[in-house]
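Enquirer: The structure follows.
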Amino acid sequence: MVSSMNRTQSLVSKELKTESSFALNLIPLPATPLFGTDGIRGKVGEILSAPLALQIGFWAGTVLRDHSVDDGPIILGQDSRNSSDMLAMALSAGLTAAGLEVWYLGLCPTPCVAYLTNTTSAIGGVMISASHNPPEDNGIKIFGPDGTKLPRELQVAIELGLGGKTTLSSSAKQWGKHYLRADLIGNYGKALQHPLQNQVNLSGMKIVLDVAWGAAVGIAPTIFTQMGA
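So in this note's numbering, the last one in the sequence shown is 1217, and the numbering has no gaps at all.
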């Protein structure tokens, strides 16, 4: 495992080295790998914080940018946890510091970020959510341009940057910008409805939805209304 990380460190440093480089101030990290089986998760204030989220945004943005053939934005979404707004703004600051354009969806389900990352010009996506974890937790899930989770080698590259074990550089020509793109959520809603066209008719039905203030609280009523309910 150590030799594998060393090879990744050497490869990333070689690919991303430029004449001028800088690193954000380091902050304490857990002794164990930051990425688990489903992204980064932990208790907000203990593991996850705004300073850490900013650095994750910067290093994730730098790795995604330098492993992408084309330029493109990052899709950013969040769930309804109290800490999600804070983490979203910090992540966006880090991503734009890496020179990337951020398309911020706001409140949406995790599959929405994955779908839009894969079907737009985005080079990656980030979702802030801890799924079924307790309310005091939160998480950061990073998608590659195909809408699936990052390969392990790119996760390692991000952690190397966060831990100060490699010096990545920002070769961006200018800072990125943050755009509100909640309008894109409708594309995901249409994709969900497409397989049901001419098969399901909800006209005249009254449907009660209890989404427990989850991430689908915005899109679910819209979809059922568009289907006739």
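Even glycine gets a Cβ: it sits at the ideal position worked out from N, Cα and C.
Among 1087, 1059 and 1092, which one has its Cα closest to the Cα of residue 1073?
Expert: As a working note, residue 1073 is residue 85 in the sequence shown. It is 1092 whose Cα lies nearest to the Cα of residue 1073.
Enquirer: Is residue 1088 helix, strand or coil when you go by DSSP?
Expert: Stepping through the sequence shown from its first residue, residue 1088 is reached at position 100. Note: residue 1088 maps to coil in three-state DSSP.
Enquirer: Beta-carbon within less than 8 Å of residue 1177's beta-carbon, same chain only, minus the 5 sequence neighbours each way: which residues are those?
Expert: As a position in the sequence shown, residue 1177 is number 189, starting the count at 1. 1207, 1210, 1211 and 1214.
Enquirer: Tell whether a beta-carbon distance below 7 Å holds between residue 1083 and residue 1049.
Expert: Residue numbering aside, residue 1083 sits at position 95 when the sequence shown is read from its first letter. Residue numbering aside, residue 1049 sits at position 61 when the sequence shown is read from its first letter. Against a cut-off of 7 Å, the Cβ pair of residue 1049 and residue 1083 comes out as a contact.
Enquirer: Does the region 1166-1180 come close enough to the region 1090-1105 that 3 or more CB-CB pairs lie under 8 Å?
Expert: Yes, the region 1090-1105 touches the region 1166-1180.
Enquirer: Tell me the DSSP secondary structure of residue 1012 in three-state form.
Expert: In the sequence shown, residue 1012 corresponds to position 24, counting from 1. Unreliable positioning characterises residue 1012 in this predicted model, as indicated by a pLDDT of 49, which lies under 50. A coordinate reading is not provided.
Enquirer: Can you check DSSP and say which residues form a bridge with residue 1125?
Expert: Position 137 of the sequence shown holds residue 1125. Paired residue(s): 1031.
Enquirer: Between residue 1062 and residue 1027, is the Cβ-Cβ spacing less than 7 Å?
Expert: Mapped onto the sequence shown, residue 1062 falls at position 74. Mapped onto the sequence shown, residue 1027 falls at position 39. It is not a contact, given that the beta carbons lie outside the stated cut-off.
Enquirer: From the DSSP output, which residues share a beta bridge with residue 1115?
Expert: Here residue 1115 refers to the residue found at position 127 when the sequence shown is read from its first residue. Beta-bridge pairing links residue 1115 to 1065 and 1129.
Enquirer: Between residue 948 and residue 1041, what straight-line distance do the alpha-carbon atoms span, to the nearest angstrom?
Expert: With the chain covering only 989 through 1217, there is no way to say anything about residue 948.
Enquirer: Give the straight-line distance between the Cα atoms of residue 1081 and residue 1039, rounded to the nearest whole angstrom.
Expert: Along the sequence shown, read from residue 1 onward, the residue named residue 1081 stands at position 93. Along the sequence shown, read from residue 1 onward, the residue named residue 1039 stands at position 51. If I take the Cα positions, the gap works out to 10 Å.
Enquirer: Which ranges does the alpha helix (DSSP H) cover as unbroken runs of at least 4 residues, wholly within the region 1161-1208, from first to last along the chain?
Expert: 1173-1181, all fully within the region 1161-1208.
Enquirer: Quick one: residues in its chain with C-beta nearer than 6 Å to the C-beta of residue 1217, no 5 flanking neighbours on either side, listed in chain order?
Expert: Working through the sequence shown from its first residue, we reach residue 1217 at position 229. Correct list, in chain order: 1190, 1193 and 1195.
Enquirer: Any idea if residue 1167 is buried or exposed, counting beta-carbon neighbours within 10 angstroms, 16 or more meaning buried?
Expert: As a first step, residue 1167 is located in the sequence shown; it is residue number 179 there, counting from the start. Exposed, by the Cβ-count rule.
Enquirer: For residue 1047, count neighbouring Cβ atoms within 10 angstroms of its own Cβ and tell me buried if that reaches 16, exposed if not.
Expert: Numbered from 1 along the sequence shown, position 59 holds the residue referred to as residue 1047. Residue 1047 should be labelled buried.
Enquirer: Going by beta carbon distance, what residues of the same chain come within less than 6 Å of residue 1233, once the five residues before and after it are set aside?
Expert: An answer regarding residue 1233 cannot be provided, because it is not within the stretch 989 to 1217 covered by the chain.
Enquirer: Just the Cα atoms here: how many angstroms apart are residue 1116 and residue 1109?
Expert: As a position in the sequence shown, residue 1116 is number 128, starting the count at 1. As a position in the sequence shown, residue 1109 is number 121, starting the count at 1. Residue 1116 and residue 1109: Cα-Cα distance of roughly 21 Å.
Enquirer: Is residue 1094 helix, strand or coil by DSSP?
Expert: In the sequence shown, residue 1094 corresponds to position 106, counting from 1. Reduced to three states, the DSSP call for residue 1094 is strand.
Enquirer: Based on Cα-Cα distance, which residue from 1130, 1103 and 1055 lies nearest to residue 1076?
Expert: Here residue 1076 corresponds to residue number 88 of the sequence shown, with the count starting at 1. Of the listed residues, the one whose Cα sits closest to residue 1076 is 1130.
Enquirer: Considering only residues of the same chain and omitting the five flanking positions on each side of residue 1022, which have a CB-CB separation below 6 Å?
Expert: Taking the sequence shown and counting its residues from 1, one reaches residue 1022 at position 34. Taken in chain order, the residues that qualify are 1028 and 1147.
Enquirer: In angstroms with no decimal places, state the Cα-to-Cα distance between residue 1165 and residue 1199.
Expert: As a first step, residue 1165 is located in the sequence shown; it is residue number 177 there, counting from the start. As a first step, residue 1199 is located in the sequence shown; it is residue number 211 there, counting from the start. So the two alpha carbons sit approximately 32 Å from each other.
Enquirer: Around the C-beta of residue 1067, are 16 or more other C-beta atoms found within 10 angstroms, so that it is buried, or is it exposed?
Expert: Along the sequence shown, read from residue 1 onward, the residue named residue 1067 stands at position 79. Buried, since its Cβ has 16 or more Cβ neighbours within 10 Å.
Enquirer: Are the beta-carbon atoms of residue 1123 and residue 1203 separated by less than 7 Å?
Expert: Here residue 1123 corresponds to residue number 135 of the sequence shown, with the count starting at 1. Here residue 1203 corresponds to residue number 215 of the sequence shown, with the count starting at 1. Contact flag unset, no.
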